[in-house]
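Since the structure comes first, as structure tokens, the remarks are kept for the end.
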Amino acid sequence: MNPTPKKIVCIGAGYVGGPTMAVIADRCPGIEVTVVDLNAARIAAWNSDQLPVYEPGLDAVVRRARGRNLFFMGQAEGAQKLAEADLVFISVNTPTKTEGEGAGKASDLRYVESCSQFIADHARGHTIVVEKSTMPVRAADTIKRILAKNLHGGTFEVLSNPEFLAEGTAIRDLESPDRVLIGGERPEPIEALAAVYRQWVPAERIITTGLWSAELAKLAANAFLAQRVSSINALSALCEVTGAQVDEVARVVGSDSRIGPKFLKASVGFGGSCFKKDILSLVYLCEFHGVPEAAAYWQQVIELNEWQKRRFADQIIRQLGASKGKVAVLGLAFKKDTNDFRESAALHICGQLLAAGLEVTTYDPQVDFTTFCQAAGISQGIQPAQTIQEALAGASAVAVLTEWEEFRCIDLTKMSLVASACIYDGRNILDPGAVRSAGFQLHSIGGRAAD
Ligand code: UDX
Ligand code: UDX
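Residue 27 in my numbering is what sits at position 27 of the sequence shown, and the numbering runs on without skipping anything.
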């Protein structure tokens, strides 16, 4: 076995695989990194000037490494690279199952299974297979079973190395991570992977654990983060009826060093590809392993989030009532600085507003409107705007759903809203004084209802 890997292949050029491999290649010029994907259009985009993922700083990293020691190619084309690889990362999607045992909760491992088969077909010599995708605890058993049965004479090890990057800050998170987690069963493969990360991550930030702990720790970390958002959102509803202000409550709670200030920002609800999917996976695991009480606890984090989105849209629908009218939706992405709208609040809220017969005009600086509508399954009653000004023209309500910087300082005096328009700030980013002095009513999350 080669203790310092020289060749890496990553299967899956998505939001996780692409940026992660770009940073590894950038920081480790002595390692050849090949990223393969079944999706030819995505690979073409990675090889172009218009990358398929919008992330601050990503362009520069890709420009430095691409063609030097970073390569993007189709999966079939990458088979030969796989034969030479010391490390193979699996970074394909692990969506929630839609049918069969565990439908609606359990992770669908079909892509992980087909990747394992692909590795078994092409790997030669000794190969360390690394789970980069978030997997349910004991998923490595599935990979090991497929490799053991189908590998042609080679040997393998399986490691869990979950990614903790957050979208919008992916490059910063990858270049300077809080920690890198490597779970495995034997020290040698763990050391081989740690040697890659040590080229830019301080050794004390590399945590090693058993395989099952690493798999579960990733689910647990996401569940803890989401739980904090649901906790503060639960309090936001109480703030609205008691006169307390959720941002003040969060500041006090977060100033306790045992709790800390992060992930206490009340919002219209968390989104993104991970939180809901990973908590559902955790719920399923709890049920499957006979701990329904723990399953119910985590399930409630999701229920609260669904309720938060629903009650935000309900407020608008109630306010506009029979007058109908147009709602300007600002922000389709699930957070700022990304073009990703998976599980975004906008997906849910646009659907609810349209179902209530309201007209919707949307503006987002990065999300493609047509792709958004296709994913949401909506076509009637919704239209795109090219600017904030255009979105707000003639609107009876404005819903701020993403905290894009350009929304913070909107000058409402320069917009042609209807005179009685209400502003619904789902991110608490607008200045209440400025909204008031422009003559509009502001509804924020958690307790600035009097404004
Ligand atoms: C995915 C998972 O959703 C997440 O749980 C995990 O932690 C990391 O991987 P992401 O990178 O955001 O996250 O997914 P996505 O952007 O959908 O990318 C996955 C890519 O894998 C797609 O480009 C898809 O075409 C590719 N893929 C999938 C393959 O190349 N081969 C396959 O067999 C299956
Ligand atoms: C998350 C985890 O942070 C990351 O470690 C993991 O690898 C993948 O899942 P991501 O989903 O990209 O990352 O973004 P994150 O910053 O965690 O935000 C998730 C959602 O929670 C967003 O919709 C965000 O707006 C919302 N959020 C976050 C809040 O509503 N309030 C907060 O205080 C923090």
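Backbone N, C-alpha and C define an ideal beta-carbon position, used for all residues, glycine too.
Taking residue i and residue j to be in contact with their CB atoms under 8 Å, please state how far apart those CB atoms are, rounded to whole angstroms.
| i | j | result |
| --- | --- | --- |
| V246 | I259 | So it is not a contact: roughly 15 Å between Cβ atoms. |
| I207 | R179 | 5 Å |
| G17 | C10 | 5 Å |
| R363 | A399 | Checking the sequence shown, residue 363 turns out to be Tyr, not Arg. Not quite, the Cβ-Cβ distance comes to about 11 Å (not below 8 Å), so this is no contact. |
| L211 | I128 | Contact flag wrong, Cβ pair sits at about 13 Å. |
| I453 | L330 | The question about residue 453 has no answer here: the residues shown for the chain are numbered 1 through 451. |
| I31 | A25 | 7 Å |
If we call anything under 7 Å between Cβ atoms a contact, is residue i one with residue j?
| i | j | result |
| --- | --- | --- |
| F407 | P384 | no |
| P5 | D86 | yes |
| V360 | C373 | no |
| L412 | A438 | yes |
| K326 | A391 | no |
| G254 | L264 | yes |
| V33 | G78 | no |
| F89 | V130 | yes |
| G269 | Q308 | yes |
| G74 | I119 | no |
| A83 | H122 | yes |
| L216 | V137 | yes |
| G446 | A266 | yes |
| G12 | S91 | yes |
| A397 | S416 | no |
| Q227 | V283 | no |
Pick helix, strand or coil for residue i, following the three-state DSSP scheme.
| i | result |
| --- | --- |
| P189 | helix |
| Q245 | coil |
| H443 | strand |
| A438 | coil |
| Y15 | coil |
| T4 | coil |
| G104 | coil |
| K277 | helix |
| F126 | The question names Phe, yet the displayed sequence has His at residue 126. Correct three-state label for H126: strand. |
| S160 | strand |
| K144 | helix |
| M73 | strand |
| D425 | strand |
| R310 | helix |
| Y54 | coil |
| K326 | strand |
| R64 | helix |
| F89 | strand |
What I want to know is whether the C-beta of residue i ends up closer than 6 Å to one or more non-hydrogen atoms of ligand 4.
| i | result |
| --- | --- |
| R408 | Judged by which ligands are present, ligand 4 is missing from the structure shown, whose ligands are ligand 1 and ligand 2. |
Nearest by alpha-carbon distance to residue i: which of the options is it?
| i | options | result |
| --- | --- | --- |
| A223 | G67, N305 and S48 | N305 |
| D337 | L38, N47, V9 and Y54 | Y54 |
| E405 | G183, I429, K414 and M415 | I429 |
| P56 | H122, A166 and I171 | I171 |
| G14 | R342, I182, D364 and A397 | R342 |
| R310 | G67, S344 and P187 | S344 |
| P365 | P187, D26, P177 and T402 | T402 |
| R68 | F312, P432 and N47 | N47 |
| M135 | H152, D314, K97 and F156 | K97 |
| A76 | N93, Q50, C115 and R110 | C115 |
| S323 | V196, K277, L235 and A421 | A421 |
| G153 | R124, K132 and A60 | R124 |
| E113 | W298, E175 and A139 | A139 |
| T20 | A166, R110 and D314 | A166 |
| L38 | N93, R64 and Q50 | N93 |
| I279 | E303, H289, S257 and K262 | E303 |
Quick check: what's the CA-CA separation for residue i versus residue j?
| i | j | result |
| --- | --- | --- |
| D173 | V62 | 16 Å |
| N161 | L219 | 12 Å |
| A450 | A434 | Bear in mind that the predicted position of A450 carries a pLDDT of just 43, short of 50, making it too unreliable to give a figure here. |
| L58 | Q352 | 35 Å |
| L285 | G168 | 30 Å |
| R427 | A355 | 23 Å |
| A419 | Q380 | 26 Å |
| L70 | A45 | 14 Å |
| V291 | G100 | 21 Å |
| A148 | L238 | 55 Å |
| A106 | S281 | 5 Å |
| I316 | A203 | 51 Å |
| P177 | A296 | 32 Å |
| I182 | A214 | 7 Å |
| F156 | E191 | 15 Å |
| L347 | P187 | 45 Å |
| R198 | I8 | 16 Å |
| A244 | S236 | 9 Å |
| V249 | A234 | 12 Å |
| R436 | D340 | 32 Å |
For residue i, decide whether its Cβ has a neighbour in chain D, counting only Cβ atoms nearer than 7 Å.
| i | result |
| --- | --- |
| A356 | No chain D is present in this structure, which holds just one protein chain. |
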